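In the numbering used here, the protein residues as written are 26 to 109. Don't be surprised by glycine CBs; every beta carbon is placed ideally from N, CA and C. For clarity, every value in this text was computed on a predicted model and none was experimentally measured. Reviewing the structure listed below.
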Amino acid sequence: MKLRSLAMLSFCVLLAACSKVNQENYSKLSAGMTKAEVEKLLGSPTDCSGALGMSSCTWGDKTSFISVQYAGDKVLIFSGQGLK
Numbered sequence: 026m027k028l029r030s031l032a033m034l035s036f037c038v039l040l041a042a043c044s045k046v047n048q049e050n051y052s053k054l055s056a057g058m059t060k061a062e063v064e065k066l067l068g069s070p071t072d073c074s075g076a077l078g079m080s081s082c083t084w085g086d087k088t089s090f091i092s093v094q095y096a097g098d099k100v101l102i103f104s105g106q107g108l109k
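So this is what it looks like as structure tokens:
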């Protein structure tokens, strides 16, 4: 049973370490990037919403996230919190 718990804990730590929501990827974002370029860098967003040609997508959770606002298909502004 201990081996199973240790394996599960190791998997969770490894999964967290592989997150694309990190300072390194945040620093690669820039205004004017396309949605496709951002998704190639960060993967599929956790949540998106929008209207009238403007949209906002978020990657991560409440404690560690990257938020990107688009005008059409291009990054307008972006922000991050709790990135490591």
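As assigned by DSSP and simplified to three states, the class of residue i
i: L99; result: Note that residue 99 is Lys in the sequence shown, not Leu. The answer is strand: DSSP assigns K99 an E or B state.
i: K65; result: helix
Per DSSP, cross-strand counterpart(s) of residue i
i: V112; result: What is shown of the chain runs 26 to 109, which leaves residue 112 out entirely.
i: D86; result: D86 is not bridged to any residue.
i: S92; result: T83, S104
Residue range of the beta strand (DSSP E) that includes residue i
i: A56; result: Counting along the chain, A56 falls outside any beta strand (DSSP E), and DSSP gives it neither H nor E.
i: G75; result: 72-76
C-alpha gap between residue i and residue j, whole angstroms
i: V46; j: L108; result: 7 Å
i: S80; j: E64; result: 14 Å
i: A96; j: A61; result: 14 Å
Spatial neighbours of residue i in its chain, beta-carbon cut-off 8 Å, leaving aside the 5 residues before and after
i: F90; result: V46, T71, T83, W84, G105, Q106, G107
Below-7 Å beta-carbon distance, residue i vs any chain D residue
i: Y95; result: Here there is only one protein chain, and chain D is not present.
Spatial neighbours of residue i in its chain, beta-carbon cut-off 7 Å, leaving aside the 5 residues before and after
i: Y51; result: I91, G105, L108
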